[in-house]
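>
Number of protein chains: 2
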Amino acid sequence: MQDSRVTLDDTDLRLLAALQRDAHLTAEALGSQLNLSASQAGRRRQRLEASGAIRGYTARLDPEGLGLAVQAFIQVTLERHGPEQAKSFSRMVETRPEIVSAWTLTGDADYLLRAYTTGLRALHTLIHEVLLSHPTVARVQSQIVMDQLKADAPLPL
Amino acid sequence: MQDSRVTLDDTDLRLLAALQRDAHLTAEALGSQLNLSASQAGRRRQRLEASGAIRGYTARLDPEGLGLAVQAFIQVTLERHGPEQAKSFSRMVETRPEIVSAWTLTGDADYLLRAYTTGLRALHTLIHEVLLSHPTVARVQSQIVMDQLKADAPLPL
DNA sequence: GGTGAAATCTACCTAGG
DNA sequence: CCTAGGTAGATTTCACC
Numbered sequence: 001m002q003d004s005r006v007t008l009d010d011t012d013l014r015l016l017a018a019l020q021r022d023a024h025l026t027a028e029a030l031g032s033q034l035n036l037s038a039s040q041a042g043r044r045r046q047r048l049e050a051s052g053a054i055r056g057y058t059a060r061l062d063p064e065g066l067g068l069a070v071q072a073f074i075q076v077t078l079e080r081h082g083p084e085q086a087k088s089f090s091r092m093v094e095t096r097p098e099i100v101s102a103w104t105l106t107g108d109a110d111y112l113l114r115a116y117t118t119g120l121r122a123l124h125t126l127i128h129e130v131l132l133s134h135p136t137v138a139r140v141q142s143q144i145v146m147d148q149l150k151a152d153a154p155l156p157l
Numbered sequence: 001m002q003d004s005r006v007t008l009d010d011t012d013l014r015l016l017a018a019l020q021r022d023a024h025l026t027a028e029a030l031g032s033q034l035n036l037s038a039s040q041a042g043r044r045r046q047r048l049e050a051s052g053a054i055r056g057y058t059a060r061l062d063p064e065g066l067g068l069a070v071q072a073f074i075q076v077t078l079e080r081h082g083p084e085q086a087k088s089f090s091r092m093v094e095t096r097p098e099i100v101s102a103w104t105l106t107g108d109a110d111y112l113l114r115a116y117t118t119g120l121r122a123l124h125t126l127i128h129e130v131l132l133s134h135p136t137v138a139r140v141q142s143q144i145v146m147d148q149l150k151a152d153a154p155l156p157l
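Chains as they are written, first to last, in full-length UniProt numbering: chain A, 1 to 157; chain B, 1 to 157.
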């Protein structure tokens, strides 16, 4: 489970790419794609799981099909910048399930959030009653996703 | 495989949540979490796959472990806005593997891109030799990810 | 790289509402 | 008639050779 920075050869990279496309590929199917025997393909997979290169396997869901109609990016600027404020904000971000990702970036804003909500009303609630109500938040700017040209493509390997 | 907007009950939602956390859960493990028999849990999984609620299963990789050290968000504004320009830009976005996601948003910029590169030099190349060299691109503003507070959490179900 | 036991999936069957 | 639980053959994994 360690991040033992092992070197990955070309076959490893192709195996990772294949498992990003379909995590349910069998060792045999992987092997035929990579010109390996099933046992060798399975062994490589185990090694990549143990090394931490593969963090886990997850189901990709259809947000719209599940009623998550509105996706938005929200840039947040804090009032003051201290470890205490950052901690408090971070805890709030962790807690809210509709905030699926959060980053600190270079540039003006302190945080970029990505959120999925059931509608504009729910997004409005998130912004006003959660973010702007938070003591350290100074300014919030949200942009709603209109169209997704490219959706969570595999990492470039 | 159709998006037959079937109604999902509470058990379905909990099953989806569990499979987001771990796509390799067995039908038996799912069943014991949901107070169902293994066969029923498996049947529900199949139904959710067929209905399109589950789009597929993917391996979550460790970007830093794979040498993708620099992650960035890039806002792009186009010179002029016509179907021809949009098409041309969209084709370029599809082609570049380091651009993993692309959205059109409300607000000033025309596109928001998310990119993973091996380093600052590769990001610089992407911005200058790919984006700014593109005939219809007017302006590019990139922000590098410094820290990820919350990483691709499951969708809120 | 191959093999076999154990685990898992899934199509089919039966029971209950 | 529809939904839940059980069963057996086929498939897959994984420790060992």
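All residues carry an ideal CB built from backbone N, CA and C; glycine is no exception.
Just so you know, these numbers come straight off a predicted model, no measurement behind them.
What residues of chain A sit near Ala-102 (chain B), judged by a beta carbon separation below 7 Å?
Looking up residue 102 (chain B) in the second sequence gives position 102. Within 7 Å Cβ-Cβ: Leu-149 and Lys-150.
> Hey, would you say Leu-131 (chain B) sits closer than 8 Å to Val-140 (chain B), going by beta carbons?
In the second sequence, counting from the first residue as 1, residue 131 (chain B) sits at position 131. In the second sequence, counting from the first residue as 1, residue 140 (chain B) sits at position 140. Contact: yes.
> Return the CA-CA distance between residue 163 (chain A) and Thr-58 (chain B), expressed in angstroms with no decimal places.
With chain A represented from 1 up to 157, any question about residue 163 (chain A) goes unanswered, as that position is not in the structure.
> Classify Asp-10 (chain A): buried if its beta carbon has 16 or more other beta carbons within 10 angstroms, exposed otherwise.
Numbered from its first residue, the first sequence carries residue 10 (chain A) at position 10. Label assigned to Asp-10 (chain A): exposed.
> Going by DSSP, name the residue or residues bridged to Asp-147 (chain B).
As a working note, residue 147 (chain B) is residue 147 in the second sequence. BP columns for Asp-147 (chain B) point to A:Thr-104.
> At 4 residues or longer, and completely inside the region 69-127 of chain A: list those alpha helix (DSSP H) runs for me, N to C.
As far as the region 69-127 of chain A is concerned, its whole alpha helix (DSSP H) runs of at least 4 residues are 83-95 and 120-125.
> Provide the residue(s) that pair with Gly-56 (chain A) in DSSP beta bridges, ordered along the chain.
Counted from its first residue, the first sequence places residue 56 (chain A) at position 56. Note: Gly-56 (chain A) sits in a beta bridge opposite B:Arg-60.
> State yes or no: is the beta carbon of Leu-155 (chain A) nearer than 8 Å to at least one beta carbon in chain B?
To locate residue 155 (chain A), count along the first sequence from 1; it is residue 155. Chain B, which has a Cβ nearer than 8 Å to the Cβ of Leu-155 (chain A), makes this yes.
> DSSP three-state label for Ser-133 (chain B), please.
Start at 1 with the first residue of the second sequence, and residue 133 (chain B) comes out as number 133. DSSP places Ser-133 (chain B) in coil when its eight states are reduced to three.
> Taking the DSSP output, what are the residues bridged to Arg-139 (chain B)?
Taking the first residue of the second sequence as 1, we reach residue 139 (chain B) at position 139. Paired residues: B:Thr-77.
> Say whether chain A places a C-beta atom closer than 8 Å to the C-beta of Ala-50 (chain B).
By 1-based counting over the second sequence, the position of residue 50 (chain B) is 50. It does not: the Cβ of Ala-50 (chain B) has no partner Cβ on chain A nearer than 8 Å.
> Taking 7 Å as the limit between beta carbons, can you name the residues of its chain near Val-76 (chain B), skipping five residues before and five after?
In the second sequence, counting from the first residue as 1, residue 76 (chain B) sits at position 76. Once the five neighbours on either side are set aside, the close Cβ partners of Val-76 (chain B) are Ala-109, Asp-110, Tyr-111, Leu-113, Leu-131, Val-137 and Val-140.
> Going by C-alpha distance, which of B:Leu-8, B:Asp-152, B:Gln-143 and B:Ile-127 is nearest Asp-67 (chain A)?
Residue numbering aside, residue 67 (chain A) sits at position 67 when the first sequence is read from its first letter. Sequence check: residue 67 (chain A) is Gly here, not Asp. Here the closest residue by C-alpha is B:Leu-8.
> To the nearest angstrom, report how far apart Tyr-116 (chain B) and Asp-152 (chain B) are at their CA atoms.
Here the question's residue 116 (chain B) lines up with position 116 in the second sequence. Here the question's residue 152 (chain B) lines up with position 152 in the second sequence. For Tyr-116 (chain B) and Asp-152 (chain B), the distance between alpha carbons rounds to 15 Å.
> Cα separation between Glu-98 (chain B) and Leu-15 (chain B)?
As a first step, residue 98 (chain B) is located in the second sequence; it is residue number 98 there, counting from the start. As a first step, residue 15 (chain B) is located in the second sequence; it is residue number 15 there, counting from the start. For Glu-98 (chain B) and Leu-15 (chain B), the distance between alpha carbons rounds to 32 Å.
> Under 7 Å Cβ-Cβ, which residues of chain A neighbour Ile-144 (chain B)?
As a working mapping, residue 144 (chain B) is identified with position 144 in the second sequence. Under the 7 Å cutoff, chain A gives Leu-105 and Thr-106.
> Return the chain-ordered list of same chain residues with a C-beta closer than 8 Å to the C-beta of Ser-142 (chain A), the five sequence neighbours on each side being excluded.
As a position in the first sequence, residue 142 (chain A) is number 142, starting the count at 1. Here the set comprises Ala-72, Phe-73, Ile-74, Gln-75, Leu-123 and Ile-127.
> Would you mind reading off the limits of the alpha helix (DSSP H) that contains Gly-42 (chain B)?
For the purposes of this step, residue 42 (chain B) is taken as the residue at position 42 of the second sequence. Element bounds for Gly-42 (chain B): 38-51.
> Within 8 Å of any Cβ in chain B, is that where the Cβ of Gly-65 (chain A) sits?
Taking the first residue of the first sequence as position 1, residue 65 (chain A) is located at position 65. Cβ-Cβ to chain B under 8 Å: yes for Gly-65 (chain A).
> Thinking just about the alpha-carbon of each residue, which of A:Arg-121, A:Pro-154, A:Ser-90 and A:Arg-55 is nearest to the one in Asp-22 (chain B)?
By one-based count along the second sequence, residue 22 (chain B) stands at place 22. When each option's Cα is compared against that of Asp-22 (chain B), the closest is A:Arg-55.
> Assuming the contact rule is C-beta atoms closer than 8 Å, Leu-19 (chain A) and Leu-13 (chain A) should be a hit. Round their C-beta distance to whole Å, please.
Here residue 19 (chain A) refers to the residue found at position 19 when the first sequence is read from its first residue. Here residue 13 (chain A) refers to the residue found at position 13 when the first sequence is read from its first residue. Contact doesn't hold; Cβ gap of about 11 Å is too wide.
> Using a Cβ-Cβ cut-off of 7 Å (strictly less than) and excluding sequence neighbours within five positions of Leu-120 (chain A), which residues of its own chain qualify?
Position 120 of the first sequence holds residue 120 (chain A). So the list reads Val-70, once near-sequence residues are dropped.
> Between Glu-98 (chain B) and chain A, is any beta-carbon pair separated by less than 8 Å?
The residue you call residue 98 (chain B) lines up with position 98 of the second sequence. With 8 Å as the cut-off, Glu-98 (chain B) counts as an interface residue toward chain A.
> Using a C-beta cutoff of 8 Å, does Asp-62 (chain A) count as contacting chain B?
For the purposes of this step, residue 62 (chain A) is identified with residue 62 of the first sequence, where counting begins at 1. Yes - at least one Cβ of chain B is within 8 Å of the one on Asp-62 (chain A).
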